[in-house]
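To convert, note that position 247 of the sequence shown is 540 in this note's numbering; the numbers rise steadily by one, no gaps.
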Amino acid sequence: MAPFLSRRDLQFQLYEVLDTASLPERPRFAEHSREVYDDVLNLAYTVADRYFANHTREADLNEPHIVDGKVRLVPSVQAAMNAFRDAGFFSAHHDEELGGLQLPWVVMQAVQAHFQAANMGSSGYPFLTIGNANLQRQFATPEQQQRYMLPLLEGRWFGTMALSEPHAGSGLADITTSATPRGDGTYSIQGTKMWISGGEHELSENIVHLVLARIKGAPAGVKGISLFIVPRYRVNADGSVGESNHVVLAGLNHKMGYRGTTNTLLNFGEGGETIGELIGEPGRGLSAMFHMMNEARIGVGMGAVMLGYAGYLASLEYARERRQGRHASSKDPNGPMVSIIEHADVKRLLLRQKSFVEGGLALGLYASSLVDDLATGPEEGRADTALLLDLLTPIVKSWPSKYSQEALSDAIQVLGGAGYTRDYPIEMYYRDNRLNPIHEGTEGIQGNDLLGRKVTQAGGRGLQVLLERMQADLAASEGLERLDEIRAALQTAISQCQAAFRAILGRAAELGPDLFLANANSALEMLGHTVVGWMWLRQAMVAARALPAARGDDVAFYQGKLHAARFFAVYELPKVRAHADLLASADPTTHEMRGEWF
Numbered sequence: 294m295a296p297f298l299s300r301r302d303l304q305f306q307l308y309e310v311l312d313t314a315s316l317p318e319r320p321r322f323a324e325h326s327r328e329v330y331d332d333v334l335n336l337a338y339t340v341a342d343r344y345f346a347n348h349t350r351e352a353d354l355n356e357p358h359i360v361d362g363k364v365r366l367v368p369s370v371q372a373a374m375n376a377f378r379d380a381g382f383f384s385a386h387h388d389e390e391l392g393g394l395q396l397p398w399v400v401m402q403a404v405q406a407h408f409q410a411a412n413m414g415s416s417g418y419p420f421l422t423i424g425n426a427n428l429q430r431q432f433a434t435p436e437q438q439q440r441y442m443l444p445l446l447e448g449r450w451f452g453t454m455a456l457s458e459p460h461a462g463s464g465l466a467d468i469t470t471s472a473t474p475r476g477d478g479t480y481s482i483q484g485t486k487m488w489i490s491g492g493e494h495e496l497s498e499n500i501v502h503l504v505l506a507r508i509k510g511a512p513a514g515v516k517g518i519s520l521f522i523v524p525r526y527r528v529n530a531d532g533s534v535g536e537s538n539h540v541v542l543a544g545l546n547h548k549m550g551y552r553g554t555t556n557t558l559l560n561f562g563e564g565g566e567t568i569g570e571l572i573g574e575p576g577r578g579l580s581a582m583f584h585m586m587n588e589a590r591i592g593v594g595m596g597a598v599m600l601g602y603a604g605y606l607a608s609l610e611y612a613r614e615r616r617q618g619r620h621a622s623s624k625d626p627n628g629p630m631v632s633i634i635e636h637a638d639v640k641r642l643l644l645r646q647k648s649f650v651e652g653g654l655a656l657g658l659y660a661s662s663l664v665d666d667l668a669t670g671p672e673e674g675r676a677d678t679a680l681l682l683d684l685l686t687p688i689v690k691s692w693p694s695k696y697s698q699e700a701l702s703d704a705i706q707v708l709g710g711a712g713y714t715r716d717y718p719i720e721m722y723y724r725d726n727r728l729n730p731i732h733e734g735t736e737g738i739q740g741n742d743l744l745g746r747k748v749t750q751a752g753g754r755g756l757q758v759l760l761e762r763m764q765a766d767l768a769a770s771e772g773l774e775r776l777d778e779i780r781a782a783l784q785t786a787i788s789q790c791q792a793a794f795r796a797i798l799g800r801a802a803e804l805g806p807d808l809f810l811a812n813a814n815s816a817l818e819m820l821g822h823t824v825v826g827w828m829w830l831r832q833a834m835v836a837a838r839a840l841p842a843a844r845g846d847d848v849a850f851y852q853g854k855l856h857a858a859r860f861f862a863v864y865e866l867p868k869v870r871a872h873a874d875l876l877a878s879a880d881p882t883t884h885e886m887r888g889e890w891f
C-alpha cells in the first residue's frame with residue numbers, strides 16, 4: 294500500500310525551503326527546536342497512520358445516517374477523535390497556559406496535513422473545531438472563552454461554522470436567520486442553516502456553532518449581520534452540559550465525497566427556544582467570521598493538496614509495479630514487458646501530478662508561514678505581510694483545489710481501468726477533492742475577491758510586495774546551474790501578469806464593475822500559475838545548491854525537484870499568456886451572454 298504523504302518532501306519544505314528550524318529565535322517559540330517539531334510530526338504520522346488511515350474506505354462506504362433521531366458513524370471515527378485529542382493536537386498551537394505547545398502555525402498546518410492525507414472525512418471534525426476555537430480566541434470575551442473555547446481546546450466539545458442558508462447559499466447578504474434580544478444579554482436565534490459540516494454527531498459532549506444572524510432591526514445587507522455562539526446543548530453555570538438548546542437536525546446531505554464528515558441542515562428554534570450569545574460587535578459578524586473563513590480557505594487548499602498528493606503516490610507505486618508494453622524502440626514482441634513508468638506518456642502524467650501537488654504544498658506552507666510572520670515576525674514588516682497573505686489567500690484556496698483535481702484525473706489515467714474501480718483509493722480521492730473547489734467559496738467567488746478587492750487593496754501594495762519577493766528570488770537564482778530556463782519562464786509570466794493588470798485596472802472606471810469582473814477567473818488562473826511557478830523556482834534553488842553535496846536517496850530527490858520545476862516552467866507557465874491576454878482585453882463574451890440564449 295502506498296504511503297499517504299511524503300515525509301521527505303514535508304521536511305524539505307519546512308526546513309530547506311522555509312527554514313522553519315529558525316523560528317525558535319523568536320520569543321514565542323524560544324522553548325522549541327527542530328527536534329521538537331520533528332517529534333510532533335512523528336507523532337502526527339503515527340496517529341494518522343494508526344487511527345485515521347485505518348477506516349478511510351470504511352467511512353466512505355458507510356456514510357453517516359440517522360438512527361432513532363441520532364447520527365451514526367462508523368465506530369473508528371470516535372477512536373480517531375479520541376487519539377487526536379489524547380495527542381494534544383486540538384490546542385497544540387495555543388498558549389501554554391491554555392494547555393498548548395505554542396506551535397508555529399506552519400508546523401500546525403503540517404500536522405493537520407497528515408490527517409487530511411490519511412482520512413479527509415474524519416479530519417473535518419478537528420479542522421472545524423480548531424478554526425472555531427481560533428476565532429473565539431480572537432473575538433470572544435474572556436468569559437465566553439472560559440465557557441466555550443476551553444472545552445474545544447480540550448477536545449471534549451467540537452465546533453462548526455453556520456453561514457449558508459437554503460435560499461442564499463454563498464450570498465450571505467441575503468440570510469434571514471434572526472436574533473432577538475432576550476433582555477439579559479443573550480439572544481433568541483430563529484432560522485435554518487444549510488451545508489453545515491460536522492453540524493450533528495455523537496462524537497463529543499457538545500457542539501458549539503458559530504452562527505451568522507441578523508439582529509431584529511438591523512439594516513439589510515452584510516452590514517446588518519452579527520455573529521453568535523450557539524451551543525447544541527445549553528451550558529450550566531458550572532460549565533457542565535445542560536438541556537437541549539433546540540438546535541434540530543432537519544436532514545443530512547449525502548455527498549459524493551468527504552462522506553465521513555456529516556453535512557447537515559439545521560433548524561434553530563424548532564420545538565423550543567434556541568439561545569445564543571453575541572460574539573464581537575453587532576453588525577460586525579461577517580468581519581469576525583472571515584477570520585475563520587480565511588483560515589479555512591488555506592486549510593481547504595492544503596486538504597486538496599494532500600488528496601492530490603495521496604493520489605500521486607498511489608499512482609506512482611502502481612506505475613512502478615505494473616508491467617505492460619515495451620519501449621517504442623523494441624522490435625521484439627516476445628521481449629520482456631517494462632514497468633509502465635518507463636513509458637514517456639506515463640512519465641508525463643506523473644510529472645504533471647508531481648508539479649501540481651508539490652507546488653501546491655509549497656504554496657500552502659508558504660502562506661502558513663506568513664501567518665507566523667504576521668503574529669511573531671518583525672513589527673516593521675507586518676503590514677506588508679498582511680497584505681501579501683490577503684492577496685494569496687484566494688489563490689491558496691482555489692489553485693490546489695482545481696489542480697489537485699487534474700492531478701487525480703491523471704492518477705486515474707495512470708492506472709487505466711483499475712483507476713476508476715474501488716480496488717484502488719484514487720477514485721475516492723477524486724470524489725473527495727471535488728468538494729474542495731466549492732468549500733469556502735467557489736472559483737468564481739475567489740476570482741472576484743482577487744481581482745475586485747485584493748489586487749487593489751491598499752493602493753495595490755499587496756501585489757507590489759508579491760512582485761518584489763518574486764523578483765528577489767529571481768535575482769538570487771542567477772548563476773545557479775540548470776535554472777536558466779525556469780527563471781526565464783517565470784520572468785515572462787510575471788511580465789505578462791503585470792501588463793494584464795495594468796490594462797484591466799486602467800479601464801476599470803470605463804468598464805464598470807460587471808464587465809470589469811467578467812473575466813476574474815482568468816486573473817485567478819494567471820496569477821495562480823505564476824505564483825506556483827515562483828514556488829517551483831524556490832524549490833529548484835534549494836535543490837541546485839544541495840545537489841553537489843547530496844548522497845544516497847537525496848541525489849534522486851533533488852534531481853526530481855529540478856526536473857519537476859523544469860516541467861512546470863515548460864509545460865504549465867506558457868498557459869499564463871492566454872489568461873493574461875483575455876483579462877487585458879476585457880472580452881465581453883460572458884458578460885453579454887443572455888440566459889435565454891443557452
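Note that CB positions come from ideal geometry on N, CA and C, so glycine has one too. It should be emphasised that the depicted structure is a prediction, and the values quoted were computed from it without experimental measurement.
Counting only runs of 3 or more residues that sit fully inside the segment 337-415, the beta strand (DSSP E) segments are 358-360, 363-365, in chain order. For ALA704 and ILE779, the gap between their C-alpha atoms comes out near 25 Å.
In this model, VAL707 and TYR717 are separated by some 12 Å (Cα to Cα). The beta carbon of HIS407 is closer than 6 Å to those of ALA337, TYR338, ALA341 in its chain, skipping five residues each way along the sequence.
Going by DSSP, ASN726 is part of the alpha helix (DSSP H) stretching over 719-726.
Here GLY484 carries a strand assignment [DSSP, helix/strand/coil]. Contact between TYR344 and THR554 does not hold, since the beta-carbon distance rounds to 16 Å and is not under 8 Å. Comparing C-alpha distances from VAL399 to each of VAL501, LEU354, VAL333 shows the shortest one belongs to VAL333. The distance from the Cβ of PRO524 to that of ASN556 is about 20 Å, inconsistent with a contact at the 8 Å cut-off.
Per DSSP, reduced to three states, the secondary structure at PRO474 is strand. The straight-line gap separating the alpha-carbon atoms of PHE322 and MET401 is approximately 13 Å. Remark: C-beta atoms of GLY448 and ARG378 approach each other more closely than 7 Å. Taking 4 residues as the shortest admissible run, the segment 775-839 contains the following complete alpha helix (DSSP H) segments, listed from N- to C-terminal end: 777-799, 801-809, 813-839. Taking one beta carbon from each stretch, the segment 806-815 and the segment 839-848 have fewer than 3 pairs nearer than 8 Å; the two do not touch.
Rounded to whole angstroms, the gap between the alpha carbons of ALA472 and GLU570 is 10 Å. Here the alpha carbon of MET487 sits roughly 15 Å from the alpha carbon of LEU728.
By the neighbour-count definition (other C-beta atoms within 10 Å, threshold 16), PRO730 is a buried residue. Contact check between the segment 731-744 and the segment 582-592: three or more CB pairs, one atom from each, fall below 8 Å, which counts as touching. Secondary structure note for PRO524: it is in no alpha helix (DSSP H), and the uninterrupted beta strand (DSSP E) holding it is 518-524. Per the Cβ contact rule, the segment 506-518 is in contact with the segment 473-483 (3 or more Cβ pairs under 8 Å). As DSSP reads the structure, MET454 sits in a beta bridge with LEU503. Beta bridge pairing from DSSP links SER490 with ASN556. Taking C-beta atoms under 8 Å as the contact rule, TYR441 and VAL515 fail to qualify, at a distance of about 25 Å. DSSP places ALA543 in the uninterrupted beta strand (DSSP E) bounded by 540-545.
Counting only unbroken stretches of 4 or more residues, the alpha helix (DSSP H) elements lying wholly within the segment 833-877 are 846-860, in sequence order. The C-alpha of GLU720 is placed about 5 Å away from the C-alpha of TYR713. Collapsing the DSSP output to three states places GLY674 in a helix. In the DSSP assignment, the residues bridged to GLU570 are THR479, ILE522.
For VAL593, the enclosing alpha helix (DSSP H) covers residues 578-614. PHE891 sits in coil when the DSSP states are folded into three classes, being neither helix nor strand. At a Cβ-Cβ threshold of 7 Å, GLN483 and GLY562 count as neighbours.
Rounded to the nearest whole angstrom, the C-alpha separation of LEU684 and THR434 is 30 Å. Residue environment: GLY752 is assigned as exposed (fewer than 16 neighbouring CB atoms within 10 Å of its CB, all protein chains considered). For GLU536, the enclosing beta strand (DSSP E) begins and ends at 534-537. Note on geometry: alpha-carbon atoms of ASP388 and GLY414 lie some 28 Å from one another.
Residues of the same chain with a CB within less than 6 Å of the CB of PRO444, apart from the 5 flanking positions on each side, are TRP450 in chain order.
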